[in-house]
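1 is the number of the first residue of the sequence shown in full-length UniProt numbering; add one for each residue after it.
Each remark here refers to the structure printed beneath this line.
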Amino acid sequence: MPESRQPVAAPLQSQIWPAGGRHLWPSGGVSESHSHQHGHLVYAATGVLAVVTAGGTSVVPADRIGWTPAGIAHRHRAHGDTDMRILFVTPELARHLPDRPAVFLASGVARAVTLALTGGDDDPATARTDTARARLLRVLVDELRDTSEQRLHLPEPRDDRLRALAAMLADDPGENASLAELGRAVGASSRTLSRLLHDELGMTFREWRTHLRVYHALVLLAEGLDTTQTSFRCGWANPSGFITAFAGIVGTTPGRYRAGGPHPPG
Numbered sequence: 001m002p003e004s005r006q007p008v009a010a011p012l013q014s015q016i017w018p019a020g021g022r023h024l025w026p027s028g029g030v031s032e033s034h035s036h037q038h039g040h041l042v043y044a045a046t047g048v049l050a051v052v053t054a055g056g057t058s059v060v061p062a063d064r065i066g067w068t069p070a071g072i073a074h075r076h077r078a079h080g081d082t083d084m085r086i087l088f089v090t091p092e093l094a095r096h097l098p099d100r101p102a103v104f105l106a107s108g109v110a111r112a113v114t115l116a117l118t119g120g121d122d123d124p125a126t127a128r129t130d131t132a133r134a135r136l137l138r139v140l141v142d143e144l145r146d147t148s149e150q151r152l153h154l155p156e157p158r159d160d161r162l163r164a165l166a167a168m169l170a171d172d173p174g175e176n177a178s179l180a181e182l183g184r185a186v187g188a189s190s191r192t193l194s195r196l197l198h199d200e201l202g203m204t205f206r207e208w209r210t211h212l213r214v215y216h217a218l219v220l221l222a223e224g225l226d227t228t229q230t231s232f233r234c235g236w237a238n239p240s241g242f243i244t245a246f247a248g249i250v251g252t253t254p255g256r257y258r259a260g261g262p263h264p265p266g
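Right under this line is the structure:
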């Protein structure tokens, strides 16, 4: 999911401690590329968070938790004013999570534990013993293990023609040109692009464009647009088609997601 190059914006407020942290990002805020010695979980209590690595972009909307393993260079980008929570995971617990970036549904328990370990104005490390924190973190990891991964990771193409195509669709997700028409703009036939999409990303063009559009829709919803406005901006001819596609990827309807209401069981 290509991004425009903008100056790095500092968070409005940060709290950092050895086991994690909290950043309040303004909409459009983005961190420098960095990595950590330990894997970490991120949760957007408000807003939408994008986690960008060399391998692709994970989108972490409200009620999702993102995972980035140790040593993977990444940067964070906020869409909408975002309350970002971070928890570092010990190597022992990290073995129970994927060895690649992933996004999980945040159950009620997972959300409560995450907020309990990162909330408050004071350093949370002083509010609980190390043993109590470790016990809660194990509960959180167990909850994630029992939850299906969400299809909210968009792999980054390697081929220059696919990268050019991705940039075009990111700039205008409502573009409804055919693959053949888009191919002429990037210098490749529709057959070549279809083969590259299958070999590199494991998707058809329709699947890939739908994922790109839904990711863009998450951003627009976070910025306050309603379902109808978002559906047309993202290229759907009618809101019902958008609602179906959105629910298939995110796991809930755009209206319920935008209202912050409960999600169906994941």
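We put the CB at the ideal spot given by N, CA and C, even for glycine.
Values in this document were obtained by computation on a predicted structure and should not be read as measured data.
In this chain, residue 72 is not harboured by any beta strand (DSSP E), its DSSP state being neither H nor E. Looking at the DSSP output, residue 58 bridges to 51 and 153. Per the C-alpha coordinates, the member of 93, 215, 232 and 59 positioned closest to residue 133 is 93. The three-state secondary structure of residue 38, taken from DSSP, is coil. Residue 19: not part of any beta strand (DSSP E); DSSP gives it neither H nor E. Counting every other CB atom within 10 Å of its CB across the protein chains shown gives residue 99 a total below 16, marking it as exposed. Contact check for residue 79 against residue 103 fails: the beta carbons are separated by 8 angstroms or more. For the set 97, 197 and 14, the Cα lying nearest the Cα of residue 31 is the one of 14.
By a beta-carbon distance limit of 8 angstroms, residue 101 contacts residue 153. Their separation comes to about 6 angstroms. Straight across, the Cα-Cα distance linking residue 109 with residue 251 is about 18 angstroms.
Cβ atoms of residue 201 and residue 173 stay farther apart than 8 angstroms, at about 17 angstroms. A Cβ-Cβ separation of about 10 angstroms leaves residue 239 out of contact with residue 253 under the 8 angstroms criterion. The region 211-221 and the region 178-198 do not touch, with fewer than 3 CB-CB distances between them shorter than 8 angstroms. Residue range 102-105 is occupied by the beta strand (DSSP E) that includes residue 105. Judged by their CB atoms, residue 42 and residue 86 are nearer to each other than the 8 angstroms cut-off.
Residue 214 is not bridged by DSSP to any residue. Secondary structure of residue 228 (DSSP, three-state): helix. Under the three-state reduction of DSSP output, residue 147 falls in the coil class, being neither helix nor strand.
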